[in-house]
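Below is one structure; the comments refer to it alone.
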Amino acid sequence: MALLVTLILVALMALLAFAGSDTIRLQQRLATNDHVGQIAFQAAEAAISEAFNTFNQAPHRINFCNGVAERYDIDTTIALDNDDFRGVANWTDVPLALSGINLARSPRYVIACVDKSAIPDYNLLEDLTVGTEEKQPEYKFFRVYAQGFGPQGRISRTIEAHYVFEE
């Protein structure tokens, strides 16, 4: 009888150990995925920063979008609402070196030039200055998508940013 009770206790302890190890393995996978996701997010933020540097280094933002293959135009409200950045072919890669981390691929960004006619209620600003001597400033609108990838390339993060510049 003692042998049978001992065997049952050993079987229960083995079952508890197996369940505990499975939980630990799941926790390890969750932590690893979170870490890799954070790396991909940081890479995407680096790409957003690089896109912003591209804006700042442009000599004339009024001609920023003309004839540049890495940019595309959004000229209607419908195109703005249905913009699918995944279909854009000309992304700009950002060389990024992280100490001790090898990314599956370089982070990248793409800039969309948004026409003011695609911005809902943009003309309301012009209506506010009618009859005054104040000149309406000219605004340029941009939508930037940045994508970062994890070390194995299975996880990626995409960030969307909107920029408005006054000319």
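Position 38 of the sequence shown, counting from 1, maps to 80 under the working numbering, and the rest follow consecutively.
For glycine and all other residues, C-beta sits at the position ideal for the given N, C-alpha and C.
Sheet register partners of residue i (DSSP bridge)
{"i": "F207", "result": "K182"}
{"i": "A188", "result": "Y151, I201"}
{"i": "D135", "result": "R150"}
Local Cβ density within 10 Å of residue i, reported as buried at 16 or more and exposed below that
{"i": "E208", "result": "exposed"}
{"i": "V152", "result": "buried"}
{"i": "V186", "result": "buried"}
{"i": "R196", "result": "exposed"}
{"i": "A93", "result": "buried"}
{"i": "V156", "result": "buried"}
{"i": "A82", "result": "buried"}
{"i": "G192", "result": "buried"}
{"i": "I143", "result": "exposed"}
{"i": "V78", "result": "buried"}
{"i": "F60", "result": "exposed"}
{"i": "I116", "result": "buried"}
{"i": "A56", "result": "exposed"}
For residue i, the first and last residue of its enclosing beta strand (DSSP E)
{"i": "R67", "result": "Taken as a continuous stretch (DSSP letters only), R67 belongs to no beta strand (DSSP E), being part of the alpha helix (DSSP H) at 44 to 99."}
{"i": "I120", "result": "Per DSSP, I120 belongs to no beta strand (DSSP E); it is in the alpha helix (DSSP H), 119 to 123."}
{"i": "I153", "result": "150 to 156"}
{"i": "R113", "result": "113 to 116"}
Proximity below 7 Å, CB of residue i to CB of residue j
{"i": "T119", "j": "A160", "result": "yes"}
{"i": "P137", "j": "A89", "result": "no"}
{"i": "A73", "j": "G190", "result": "no"}
{"i": "A146", "j": "Q194", "result": "yes"}
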